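First up is the structure itself, then whatever we jot down about it.
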Amino acid sequence: MEIKTFEDLIDWTRQMHRHLSRCFHDSAALNKDERASALLDYVASHETLLEKAVQEFENQADPKALKTRLYDYLNHKPIRASADSYTHYASMSFKDIAKEIFQFHDQVMDLYDSLIGKAEIPEAKSLLEDLLALEEHEAMRLSSQINRMDDL
């Protein structure tokens with residue numbers, strides 16, 4: 007997907023959360039490790055919730071911010087989920103799954119953080135700050151849940 011505007015960025019984020027949700031869901035049924043399968047089920051539902059939350063940002067965002075062009079994204083290394091196939095996580099361990107999940111979310115947060123300082127209009131900066139806050143909050147919540155699951 008080519009990202010030219012903030013609207014494209016939000017849409018890309020939403021699509022990535024949907025893609026990850028499907029990958030986690032499809033891999034959960036195939037992973038023979040019970041803990042890893044439970045983690046995949048949990049993060050699949052978590053990513054679905056994030057997809058819906060990002061969609062709400064897109065629905066409620068200031069149209070001026072959404073149509074603002076994103077020139078600096080092209081200078082940022084493109085982010086890709088490691089999961090190219092929907093069953094990418096089927097043979098991974100609990101710890102490896104958790105590691106990949108956090109690497110992806112960290113990259114998204116780093117991207118938002120770097121773009122905040124480059125936003126040309128206050129509406130775009132505010133939108134990015136809100137998206138970053140959502141991702142940070144959800145990453146903390148996810149971390150807490152994964153740590154609880156790991157303790158079991």
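Taking my numbering, the leading residue of the sequence shown gets 7, the next gets one more, and so forth.
Ideal Cβ placement from N, Cα and C applies to all residues, glycine included.
For clarity, every value in this text was computed on a predicted model and none was experimentally measured.
| query | result |
| --- | --- |
| For residue 93, does the three-state DSSP call read helix, strand or coil? | coil |
| Contact between the region 65 to 79 and the region 118 to 131: three or more CB pairs below 8 Å? | yes |
| Tell me whether residue 37 is buried or exposed, calling it buried when 16 or more other Cβ atoms sit within 10 Å of its Cβ. | buried |
| Can you round the beta-carbon distance between residue 95 and residue 103 to whole angstroms, since I take them to be within the 8 Å contact cut? | 5 Å |
| Less than 7 Å separating the beta-carbons of residue 30 and residue 50? | yes |
| Is the beta carbon of residue 46 less than 7 Å from the beta carbon of residue 34? | yes |
| Quick check on residue 54: does DSSP put it in helix, strand or coil? | helix |
| Assign residue 11 to one of three DSSP states: helix, strand, or coil. | strand |
| Have a look at residue 134 and residue 124 and give me their C-alpha separation to the nearest angstrom. | 10 Å |
| Taking Cβ positions, are residue 97 and residue 54 nearer each other than 7 Å? | no |
| Which residues in the same chain as residue 152 place their Cβ atom closer than 6 Å to its Cβ, once the five residues preceding and following it in sequence are excluded? | 104 |
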